[in-house]
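From first to last, the protein sequence lines are chains A and B. When we follow my numbering, the leftmost residue of the first sequence carries the number 490, and every step to the right adds one. When we follow my numbering, the leftmost residue of the second sequence carries the number 490, and every step to the right adds one. In this text, a Cβ means the ideal position worked out from N, Cα and C, and glycines have one as well.
2 protein chains.
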Amino acid sequence: MDSEELNIGLLLRFPYRALEDRIFAALARAGFDITPAQARLFRRVAPEGSRVTDLAERARVTKQTASVLVQGLVDAGYAERFPDPKDARASLVRASALGLQAAAVVDAEIARVEAEWSRAIGPTRYARLRRDLGELVRHLQG
Amino acid sequence: MDSEELNIGLLLRFPYRALEDRIFAALARAGFDITPAQARLFRRVAPEGSRVTDLAERARVTKQTASVLVQGLVDAGYAERFPDPKDARASLVRASALGLQAAAVVDAEIARVEAEWSRAIGPTRYARLRRDLGELVRHLQG
DNA sequence: TAAACTAGTCAGAAAGACTGACTAATTATG
DNA sequence: CATAATTAGTCAGTCTTTCTGACTAGTTTA
């Protein structure tokens, strides 16, 4: 199979999926049960706490959806809510100790996957791939 | 923002999402109304016809899910079914004329996006990125 | 202070995916 | 060759994720 023949969508998607599968497998192995949608929101939770509305905006879902997902994270013990001292309408969400443990598992697995990929195609080429992707992302962001 | 700081997941996901958004926008502009899930299955339909079970396997969904999605594609006029001459249990699915038109819109938009990306980071670097991604994908496939 | 805005939730609906149970046709086996 | 096992596909029911619309309750602004 010639990579020139593969469309760029597949070239990007395939490694992404592989990484995602590895991350969720690692989480499951460590006993963390978290859905992809919850994870996507959780990634955007700031250490000092985030508002549901901010999370919704950053994850590009409606406030209602974010509200449901945050509730799920709280119910599962990965996040906790506390009132926003500056605005009585709002509450803030932050990672719980359990949530931080889960995040550590994710980071460790990403590092492991990156090490494997670097070994697979060579550290020079892998670093170059990262740089080139970074350059593309920068251009896409404006 | 330093690209070295971004995790590889984001580096892959961001361009992928951008491409996908462009494709669905182009389809919508051209008057094609197709859902992402339907599109994912449709991409795997062989010119000579595919079985629902094969599509399910390749798209990694259950036969039931594939069955529903194929029905949607047929109802929307993008695909058509005909009996498998070799197996009376099975029927084959292939793209209709309308489906082929939609596929052409997708191909054109992908080409346009690739041309833009190539211009954005330079053709040499873009070609290199493609090659490096291809190399990574080859390794991931075994 | 009243009007306008913002934070967040509730209710209801749809899409997409799942499991389980089923029918009908085909292949394998004793 | 008859019956058991397998395979193709659908139906029914459920769960998750997401949406829109309507609402409550604080906050800001005019």
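Let me know if residue i comes out buried or exposed under the rule of 16 or more other beta-carbons within 10 Å of its beta-carbon.
i, result
"residue 558(B)", "buried"
"residue 501(A)", "buried"
"residue 518(A)", "exposed"
"residue 616(B)", "exposed"
"residue 598(B)", "buried"
"residue 503(A)", "buried"
"residue 527(A)", "buried"
"residue 571(B)", "exposed"
"residue 538(A)", "buried"
"residue 555(A)", "buried"
"residue 619(A)", "buried"
"residue 591(A)", "buried"
"residue 497(A)", "buried"
"residue 606(B)", "buried"
"residue 631(B)", "exposed"
"residue 612(A)", "exposed"
"residue 491(B)", "At residue 491(B) the pLDDT is 47, less than 50, meaning the model places this residue with poor confidence and gives no usable figure here."
"residue 588(B)", "buried"
Going along chain B in order, which residues have a C-beta closer than 9 Å to the C-beta of residue i?
i, result
"residue 504(A)", "497, 501, 622, 625, 626, 629"
"residue 517(A)", "Near residue 517(A) there are no residues of chain B at all, since even the closest Cβ is about 17 Å away, more than 9 Å."
"residue 593(A)", "The contacting residues do not exist; residue 593(A) stays about 14 Å from chain B at best."
Mind checking which residues open and close the beta strand (DSSP E) that includes residue i?
i, result
"residue 569(A)", "568 to 572"
Give the residues of chain B in contact with residue i, contact being defined as C-beta atoms less than 8 Å apart.
i, result
"residue 603(A)", "497"
"residue 508(A)", "497, 498, 501"
"residue 618(A)", "618, 621, 622, 625"
"residue 614(A)", "621, 624"
"residue 637(A)", "Because chain A is modelled from 490 through 631, residue 637(A) falls outside the range shown and cannot be assessed."
In the DSSP assignment, find the unbroken alpha helix (DSSP H) run with residue i in it and report its ends.
i, result
"residue 627(B)", "612 to 629"
"residue 514(B)", "497 to 518"
"residue 542(B)", "541 to 548"
"residue 526(A)", "525 to 531"
So if DSSP puts residue i in a beta bridge, which residue, or which two residues, is it bridged to?
i, result
"residue 584(A)", "568(A)"
Give a yes or no on whether the C-beta atoms belonging to residue i and residue j are separated by under 7 Å.
i, j, result
"residue 548(A)", "residue 529(A)", "yes"
"residue 573(A)", "residue 562(A)", "no"
"residue 610(A)", "residue 625(B)", "yes"
"residue 584(B)", "residue 568(B)", "yes"
"residue 622(A)", "residue 507(B)", "no"
"residue 579(B)", "residue 540(B)", "yes"
"residue 602(A)", "residue 515(A)", "no"
Taking Cβ-Cβ distances shorter than 7 Å, what residues in chain B pair up with residue i?
i, result
"residue 523(A)", "Within chain B, no residue comes near residue 523(A); the closest Cβ sits about 15 Å away, beyond 7 Å."
"residue 565(A)", "Within chain B, no residue comes near residue 565(A); the closest Cβ sits about 22 Å away, beyond 7 Å."
Interface residues of chain A around residue i at Cβ under 7 Å?
i, result
"residue 586(B)", "Near residue 586(B) there are no residues of chain A at all, since even the closest Cβ is about 23 Å away, more than 7 Å."
"residue 535(B)", "Ordered by position in chain A, no residue passes the 7 Å Cβ test against residue 535(B), which lies about 16 Å from the chain."
Just checking residue i against the ligand HEM - is the residue's beta carbon closer than 6 Å to any of the ligand's heavy atoms?
i, result
"residue 593(B)", "Ligands are entirely absent from the displayed structure, and the ligand HEM is therefore not among its contents."
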